[in-house]
Amino acid sequence: MTEKLFAIPATLKDIPTHYCPGCHHGIIHRLVAEAIQELGVQDKAIGVAPVGCSVLCYDYFNIDMQEAAHGRAPAVATGIKRVHPEAVVFTYQGDGDLASIGCAEIVHAAARSEKITTIFVNNAIYGMTGGQMAPTSLVGQVTTTSPYGRKEDSCGKPIQMSEMLSTLHGPKFIARVAVNNPANMAKAKAAIKKAFEINVKGEGFALVEVLSTCPTNWGMSPVEAVSWLEKNMLPYFPLGIFKSEEVAK
């Protein structure tokens, strides 16, 4: 008799992926799906995905999904949560989306402590639209719109969203994690589940930033991309919990 030790969560569909080889979206999808399943809220979960590589989330999550305009996922999620307060509403956003056109949306959703969870995938570049420089692109990083590297004197330094949002009074939990190795994947899973637990309890806003690779737009192999993330992104975007506020009962 054989025992199954690994299986696709019921919260994910068993279908081929459209993501590029080495992209971390698939790993992050699984961690989100596992958290939802383990908390037993599959029937209450509603995900919101805006424009970006994550726009096809509805193809992969076996839960209710809603699309939003570029950057507007927090606003759409706010509306859904206020109409359906019993739902477990979350957004799944990239850095070009959340930190650029959607920056005001996420700041004010966090400030109001909307009872939603945000999964923020940071790969330091615009992925779907051609590899342009994002607010999180590193100084010196070559992109299609910074062929000589990002210049600090004209573009400033990359925005550290977790640090910035943690200065607000509203958020209950903000963490930055990575999925570059098994140990960090386990920590990422714990943070994502914590963010959803806060959501289930109706305590307020929670965000988990996940550092991710983009081998295609970085012009690297999947292995090279992981090494680049470790050498360049981790020092500037340190991992950790930036805010954790237990709500008194």
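Counting with my numbering, you get residues -3 to 245 for the letters of the sequence shown. Glycine included, each C-beta is placed from N, C-alpha and C at the ideal position.
The alpha helix (DSSP H) enclosing residue i, as first and last residue numbers
i: Gly75; result: 69 to 79
i: Met157; result: 157 to 161
i: Ser150; result: 148 to 151
i: Val138; result: Taken as a continuous stretch (DSSP letters only), Val138 belongs to no alpha helix (DSSP H), as it is neither H nor E.
i: Pro218; result: 218 to 224
Residue i versus residue j: straight-line alpha-carbon distance, rounded
i: Ile111; j: Ala202; result: One point to set straight first is that residue 111 is Lys, not Ile, in the sequence displayed. Going from the Cα of Lys111 to the Cα of Ala202 covers about 8 Å.
i: Pro143; j: Pro218; result: 21 Å
i: Thr125; j: Gly48; result: 7 Å
i: Thr7; j: Val51; result: 17 Å
i: Ser109; j: Ser162; result: 12 Å
i: Met229; j: His66; result: 25 Å
i: Gly75; j: Val85; result: 10 Å
i: Arg26; j: Gly198; result: 23 Å
i: Asp10; j: Tyr56; result: 8 Å
Where residue i falls: helix, strand or coil (DSSP)
i: Ile170; result: strand
i: Ile24; result: helix
i: Thr7; result: coil
i: Gln319; result: Absent from the model: residue 319. The displayed extent of the chain is -3 to 245, so no value can be given.
i: Ala244; result: The predicted model places Ala244 with a pLDDT of 46, which falls under 50 and marks its position as unreliable; any figure quoted below should be read in that light. Of the three classes helix, strand and coil, the one that applies to Ala244 here is coil, per DSSP.
i: Asn118; result: strand
i: Thr212; result: helix
i: His31; result: According to the sequence provided, residue 31 is Ala. The question's His does not apply to it. Of the three classes helix, strand and coil, the one that applies to Ala31 here is helix, per DSSP.
i: Glu63; result: strand
i: Tyr232; result: helix
i: Ala179; result: helix
i: Val196; result: helix
Residue i at chain B interface by Cβ criterion, 7 Å
i: Ile121; result: Protein chains in the displayed structure number just one, and chain B is not present.
Cβ distance (whole Å) where residue i is taken to contact residue j below 8 Å
i: Pro5; j: Ala29; result: 4 Å
i: Ala71; j: Glu101; result: 5 Å
i: Met181; j: Ile23; result: 7 Å
i: Ala171; j: Ile237; result: 5 Å
i: Gly200; j: Gly166; result: 7 Å
i: Thr212; j: Leu225; result: With 8 Å as the limit, Thr212 and Leu225 do not qualify as a contact, their Cβ atoms being about 14 Å apart.
i: Arg78; j: Pro46; result: Arg78 to Pro46, Cβ: 19 Å. No contact.
Beta-carbon spacing of residue i, residue j below 7 Å
i: Leu134; j: Ala174; result: no
i: Ala130; j: Asp91; result: yes
i: Val44; j: Ala83; result: no
i: Phe169; j: Ala191; result: yes
i: Leu255; j: Ala106; result: Lying before the first or after the last residue shown, residue 255 is absent from the chain, which here runs from -3 to 245.
i: Gln128; j: Thr141; result: yes
Terminal residues of the beta strand (DSSP E) in which residue i lies
i: Ala100; result: Element bounds for Ala100: not the beta strand (DSSP E) but the alpha helix (DSSP H), 99 to 107.
i: Ser240; result: 236 to 240
i: Asp93; result: Neither: Asp93 is in no beta strand (DSSP E) and is coded neither H nor E.
i: Glu205; result: 202 to 207
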